[in-house]
Amino acid sequence: MLKRSVVVLVFLSALLLANSAAAASLKTIDSYIVTKEIPEIEKAISLLDDHLAANPADGEALWLMAKAHLYLGDEIEEGKLAVFEAGKEYAEQAIEILPESADAHYWLAALIGRAGQTRGILSSLFMVRPMKDALDRTLELDDTYADAYWVLSQLYHQAPGFPLSIGSKKHSLENAKIAVSFEPDNVEFLLQLAKSLDYNGEKEAAIATLNELLGLPGLKDEPKIEKEVREFLEELTK
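Start counting the sequence shown at 37; every next residue gets the next number (this note's numbering).
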């Protein structure tokens with residue numbers, strides 16, 4: 037009996053160590069993705085390909101692969117839509133395996149949105165409802181998921197209003213404010229807040245938000261966003 041207990045304990049310890057190693061490995065892969073550098077993202081995708089070949093039912097690796105495709109699509113010039121569509125398929129697979137994963141639903145929504153932006157909003161109205169449903173599900177699972185509020189703000193901002201779609205100035209601003217309340221120094225959230233404020237006719241508040249953004253140290257690490265902030269501020273202060 038004692039021998040059997042020892043064997044079970046050894047097995048459980050090995051399983052825990054394997055799970056910890058996998059988690060650490062995925063965390064490392066994620067660190068490559070968020071560099072926003074194409075070679076690093078491609079390295080992450082290659083590592084995830086190898087991992088998924090051996091572990092095809094790893095839901096976390098699947099949604100991480102979806103995330104990697106979104107980041108890659110954002111950085112490349114050609115073939116964006118195909119990359120976003122491939123990422124969407126990975127997110128859908130992740131949801132099949134981990135239906136209660138807020139991350140899986142979020143990355144599905146984000147990739148639907150990127151594909152829609154790439155096609156053009158008027159060619160993508162059919163995608164608004166599944167995107168909104170995925171974001172709603174994300175927030176049902178985790179109502180503190182700041183990125184979901186940020187993407188919702190963009191969706192309400194960019195989609196046409198009634199009767200064509202769900203676009204709403206009010207909801208765009210509400211969700212932008214919630215996102216910023218969770219992460220006050222997030223430069224992408226603050227930029228969307230400025231856009232939503234301007235969209236709602238609050239030009240001076242938008243300008244103040246952009247000036248606040250320019251004072252954040254983190255903006256220097258995001259040259260594309262900094263360029264957009266400066267151009268938007270110049271447009272509003274002409």
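Backbone N, C-alpha and C fix where the C-beta goes; we use that ideal spot for every residue, glycine too.
Asked, Found
"Any non-hydrogen atom of the ligand PLP within 7 Å of S61 CB", "Among the components of this structure there are no ligands whatsoever, and the ligand PLP is therefore not found."
"L106 versus A215, Q153, P199, L209, residue with shortest Cα-Cα distance", "Q153"
"Chain-order list of residues whose beta-carbon lies under 8 Å from that of E194 (same chain, five-residue window excluded)", "Correcting the residue type first, residue 194 is Gln in the shown sequence and not Glu. Once the five neighbours on either side are set aside, the close Cβ partners of Q194 are Q153, I157, G203."
"CB contact below 8 Å: A212 versus chain C", "Absence of chain C from the displayed structure is noted, only one protein chain being present."
"Through-space distance from E219 to F225, alpha-carbon basis", "8 Å"
"Proximal residues to S121 (C-beta, below 7 Å), its chain only, five neighbours per side dropped", "Sequence check: residue 121 is Glu here, not Ser. Only A151 meet the Cβ criterion."
"Endpoints, the alpha helix (DSSP H) within which T273 is located", "No alpha helix (DSSP H) contains T273, which DSSP labels as neither H nor E."
"Completely contained beta strand (DSSP E) runs for the stretch 178-223, where each covers 3 or more residues", "none"
"Buried/exposed call for N211, threshold 16 Cβ in 10 Å", "buried"
"Beta-carbon spacing of I65, L98 below 8 Å", "no"
"Q36 versus G237 - alpha carbon distance", "In the structure displayed, the chain extends from 37 to 274; residue 36 sits before or after that span and is not available."
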